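In the working numbering, each residue carries its 1-based index in the sequence shown increased by 75.
For every residue, glycine included, the Cβ atom is placed at its ideal position computed from N, Cα and C.
Just so you know, these numbers come straight off a predicted model, no measurement behind them.
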Amino acid sequence: GVMSDDLKRLYTLMMIFTKEAEQAKLDYRFSHSFEDEHKAMEYRAKSEALRHIFWTCLNEEFDLWNKDNSGVRKGWQVCWSDDSDEPHLPDFIRRLLEG
């Protein structure tokens with residue numbers, strides 16, 4: 076299905092805070108200032124909270140609580156898999172991993 080407008084806004088906010096958290100972490104790596112460290116920790120915490128809220132709301136809206144894998148595709152399309160077996164890997168990658 077397609078996400079509701081509320082979920083779209085929440086997803087967008089989550090992505091904005093994720094980007095801001097990454098930038099704040101990068102800023103701190105080069106400045107080592109207390110302010111940048113504090114900002115990096117704050118944005119990371121907010122980003123993680125938004126991520127948990129988003130996935131909880133997505134699971135609720137689409138009743139995905141018993142699904143092992145879910146995701147968001149282009150066009151706000153929500154996808155999921157009922158398959159809880161091994162991940163589906165191309166044969167050449169599976170052979171590489173098996174040795």
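- Message: Can you find the residues in the same chain that come closer than 7 Å, C-beta to C-beta, to Gly76, ignoring five residues on each side of it along the sequence?
- Response: If you number the sequence shown from 1, residue 76 lands on position 1. Within the same chain, Gly76 has close Cβ partners Phe137 and Val153.
- Message: Can you look up Asn144 in the DSSP assignment and give me helix, strand or coil?
- Response: One-based indexing of the sequence shown puts residue 144 at position 69. It is a strand residue.
- Query: Which two residues bound the contiguous beta strand (DSSP E) that contains Ser156?
  - Reply: Start at 1 with the first residue of the sequence shown, and residue 156 comes out as number 81. Start and end: Gln152 to Ser156.
- Ignore the nearest five residues each way along the sequence and tell me which others in Ser156's own chain have a CB closer than 6 Å to its CB. Here residue 156 refers to the residue found at position 81 of the sequence shown. Result list for Ser156: Asn144, in chain order.
- Comparing alpha-carbon positions, which option in Thr87, Lys83, Met78 and Arg119 lies nearest Gln98? Here residue 98 corresponds to residue number 23 of the sequence shown, with the count starting at 1. Nearest option by C-alpha distance: Arg119.
- Task: Rank Met89, Ser79, Glu110 and Leu171 by C-alpha distance to the C-alpha of Glu123 and give the top, closest one.
- Result: Translated into positions along the sequence shown, residue 123 becomes position 48. Among Met89, Ser79, Glu110 and Leu171, the Cα nearest to that of Glu123 is on Met89.
- Message: Considering just the uninterrupted stretch of the alpha helix (DSSP H) at Asp111, what are its terminal residues?
- Response: To locate residue 111, count along the sequence shown from 1; it is residue 36. Its alpha helix (DSSP H) spans residues Phe109 to Phe137.
- Query: What is the residue span of the alpha helix (DSSP H) that Lys100 lies within?
  - Reply: Looking up residue 100 in the sequence shown gives position 25. Its alpha helix (DSSP H) spans residues Asp80 to Ser106.
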